[in-house]
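Student: Protein sequences, first through last, are from chains A and B. Mapping the first sequence onto the working numbering, position 29 (from 1) lands on 29, and the numbers just tick up by one. Mapping the second sequence onto the working numbering, position 128 (from 1) lands on 128, and the numbers just tick up by one. The C-beta atom is built at its ideal place from N, Cα and C for all residues, glycine as well.
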Amino acid sequence: MTHPVEELTALLDGALPGARRTEVEAHLAGCPACRAERNRLAGATALLAALPAPPVPSPRFATRLAARLAREPAPAAAAAVALLTVRHQRAEELALAGQLDLLEEYEVVASLGDVETEEDAAVVASLDQPGPKGTP
Amino acid sequence: MTQDPDAALMLAFQRGDQAAFRALYERHARAMVGYCHRFVKDAPRAEELAQDVFVKLYRSAHRYSPSARFKTFLYRVATNHCLNELRRGEYAARPASPGAPGGAEAPDLDALPSGAPSPQQALEAARLADAVAALLEGLPEKQRVALVLCRFEGLSYEEIAETLETTVSAVKSLVHRATVAAAAALAPFQPAAPQEVEP
Numbered sequence: 001m002t003h004p005v006e007e008l009t010a011l012l013d014g015a016l017p018g019a020r021r022t023e024v025e026a027h028l029a030g031c032p033a034c035r036a037e038r039n040r041l042a043g044a045t046a047l048l049a050a051l052p053a054p055p056v057p058s059p060r061f062a063t064r065l066a067a068r069l070a071r072e073p074a075p076a077a078a079a080a081v082a083l084l085t086v087r088h089q090r091a092e093e094l095a096l097a098g099q100l101d102l103l104e105e106y107e108v109v110a111s112l113g114d115v116e117t118e119e120d121a122a123v124v125a126s127l128d129q130p131g132p133k134g135t136p
Numbered sequence: 001m002t003q004d005p006d007a008a009l010m011l012a013f014q015r016g017d018q019a020a021f022r023a024l025y026e027r028h029a030r031a032m033v034g035y036c037h038r039f040v041k042d043a044p045r046a047e048e049l050a051q052d053v054f055v056k057l058y059r060s061a062h063r064y065s066p067s068a069r070f071k072t073f074l075y076r077v078a079t080n081h082c083l084n085e086l087r088r089g090e091y092a093a094r095p096a097s098p099g100a101p102g103g104a105e106a107p108d109l110d111a112l113p114s115g116a117p118s119p120q121q122a123l124e125a126a127r128l129a130d131a132v133a134a135l136l137e138g139l140p141e142k143q144r145v146a147l148v149l150c151r152f153e154g155l156s157y158e159e160i161a162e163t164l165e166t167t168v169s170a171v172k173s174l175v176h177r178a179t180v181a182a183a184a185a186l187a188p189f190q191p192a193a194p195q196e197v198e199p
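1. CA-CA distance, Asp-17 (chain B) and Pro-73 (chain A)?
2. Please work out which residues of its chain come closer than 7 Å, Cβ to Cβ, to Leu-86 (chain B), disregarding the five sequence neighbours upstream and downstream, and give them in chain order.
3. Nearest by alpha-carbon distance to Phe-13 (chain B): which of B:Leu-24, B:Asp-4, B:Gln-3 is it?
4. In angstroms, rounded to a whole number, what distance separates the CA positions of Val-132 (chain B) and Ala-42 (chain A)?
5. Is any beta-carbon of chain B found at less than 9 Å from that of Ala-62 (chain A)?
6. So, helix, strand or coil for Asp-42 (chain B), using DSSP?
7. For Thr-45 (chain A), count neighbouring C-beta atoms within 10 Å of its own C-beta (all shown protein chains included) and say buried if the count is 16 or more, exposed if not.
8. Given that a residue counts as buried once 16 or more other Cβ atoms are within 10 Å of its Cβ, and exposed if not, what is Gln-120 (chain B)?
9. Between Pro-57 (chain A) and Val-33 (chain B), how many whole angstroms is the CB-CB distance? I'm expecting something under 8 Å.
10. Just the Cα atoms here: how many angstroms apart are Leu-128 (chain B) and Leu-48 (chain A)?
11. Which residues bound the alpha helix (DSSP H) around Ser-33 (chain A)?
12. Could you tell me whether the region 174 to 187 of chain B touches the region 131 to 146 of chain B, using the rule of 3 or more Cβ pairs below 8 Å?
13. Glu-26 (chain B): buried (16+ other C-beta within 10 angstroms of its C-beta) or exposed?
14. Residues of chain A with CB closer than 7 Å to the CB of Thr-179 (chain B), please, in chain order.
15. Excluding the 5 residues preceding and the 5 following Ala-43 (chain B) in the sequence, name in chain order all residues of the same chain whose CB lies nearer than 6 Å to its CB.
16. Which of the three DSSP states, helix, strand or coil, is assigned to Ala-181 (chain B)?
17. Is Ser-169 (chain B) helix, strand or coil by DSSP?
18. Quick check on the DSSP output: the alpha helix (DSSP H) that includes Arg-151 (chain B) runs from which residue to which?
19. May I ask you to report which of helix, strand or coil DSSP gives Ala-161 (chain B)?
20. Among B:Phe-152, B:Thr-163, B:Ala-182, which residue has its Cα nearest to the Cα of Ala-53 (chain A)?
21. From the beta carbon of Arg-30 (chain B), is the nearest beta carbon of chain A less than 9 Å away?
22. Could you tell me whether any Cβ in chain B is nearer than 9 Å to the Cβ of Arg-21 (chain A)?
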């Protein structure tokens, strides 16, 4: 058996399937080098686990979020805005628009009143212009 | 996916139940602020980013389909947003928090596991936090996200794979490489002569 170094982290995380875990543990029993590497990785994970927890939300977090949401259109209206936003996109872009992780591209249109710089305003103003290839 | 209480709340919100959104907020606000803080190491900015995540959730609820666990869906939204913010580069130039060595915020002593730390312990904790912040900044994006989701957020390899839209095998590799990098970066904090653990 070759040294299963690449699987030692998964072993520590309990993410190896049973049979493979048995094989790797059997290897470790006879391989000081792999045991040393496992212990080094375990030491690192222990240090990471010992870090203080990140800050909790401040008392103002909820009120600020509530204020932002109060400026949002009702969810149904937001859906209409989103549909209007993507109506000029190509078909494949329309399909992808259903995925939330693309929303950042469209969010700027939904916040026309919030642009902060002239450059942003220029970008937003040109969003509805036909593309260079004349797509609708 | 119907057993996922978060998914049920999101679907209720789709039907107009504003209280469902409030419940989602209460269940995940703390985790989202903490997660965003892992990226920007600045409490006010972490709160802004977490607010952005909830606003996105609110705006796009009509598109939500419970095809994945809500938790991994939420972490995906937060991950993409945080990475986009980091790519804009403004955080690299952001000044360190007052009194914090190196750039990471001073540790929240109230959040330490137990008891009152000595000044030496607090200093050591701050140095370790700095070293981890430097480690995270130096990792490739996917390794960084995988490490944070695994070590700090407690997601399983399967959940990380869903979040990153990749395979469990790829996650295994990402987490391993990031952990190897962590072992190297944090070597000065390891005991001088670690005792071997029996296999």
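Tutor: Quick look at the numbers:
1. When the Cα atoms are used, Asp-17 (chain B) and Pro-73 (chain A) turn out to be separated by approximately 15 Å.
2. If we look at Leu-86 (chain B) and ignore the five residues flanking it on each side, its Cβ neighbours are Phe-39.
3. Nearest C-alpha to Phe-13 (chain B): B:Leu-24.
4. Val-132 (chain B) and Ala-42 (chain A): Cα-Cα distance of roughly 16 Å.
5. Judged by the 9 Å Cβ criterion, Ala-62 (chain A) is in contact with chain B.
6. DSSP places Asp-42 (chain B) in coil when its eight states are reduced to three.
7. Buried, because 16 or more other Cβ atoms sit within 10 Å of the Cβ of Thr-45 (chain A).
8. Answer is exposed; the Cβ neighbour count stays below 16.
9. The C-beta separation of Pro-57 (chain A) from Val-33 (chain B) comes to about 5 Å, placing the pair in contact by the 8 Å criterion.
10. Cα to Cα, Leu-128 (chain B) sits roughly 9 Å from Leu-48 (chain A).
11. First, the amino acid is wrong: residue 33 (chain A) is Ala here, not Ser. 32 to 49 is the extent of the alpha helix (DSSP H) around Ala-33 (chain A).
12. Flag = yes, the region 174 to 187 of chain B and the region 131 to 146 of chain B touch.
13. Glu-26 (chain B) is exposed by the Cβ-count criterion.
14. Within chain A, the residues whose beta carbon sits less than 7 Å from that of Thr-179 (chain B) are Thr-9, Leu-41, Ala-44, Thr-45, listed in sequence order.
15. Scanning its chain for C-beta atoms nearer than 6 Å, with the 5 sequence neighbours on each side dropped, one finds no residue around Ala-43 (chain B).
16. Correct three-state label for Ala-181 (chain B): helix.
17. In the three-state DSSP reduction, Ser-169 (chain B) falls in the helix class (H, G or I).
18. Taken as a continuous stretch (DSSP letters only), Arg-151 (chain B) belongs to no alpha helix (DSSP H), as it is neither H nor E.
19. In the structure shown, Ala-161 (chain B) sits in a helix (DSSP, three-state: H, G or I).
20. If you compare the alpha carbons of B:Phe-152, B:Thr-163, B:Ala-182 with that of Ala-53 (chain A), the shortest gap goes to B:Phe-152.
21. The C-beta of Arg-30 (chain B) comes closer than 9 Å to at least one C-beta of chain A.
22. The beta-carbon of Arg-21 (chain A) is placed no less than 9 Å from the nearest beta-carbon of chain B.
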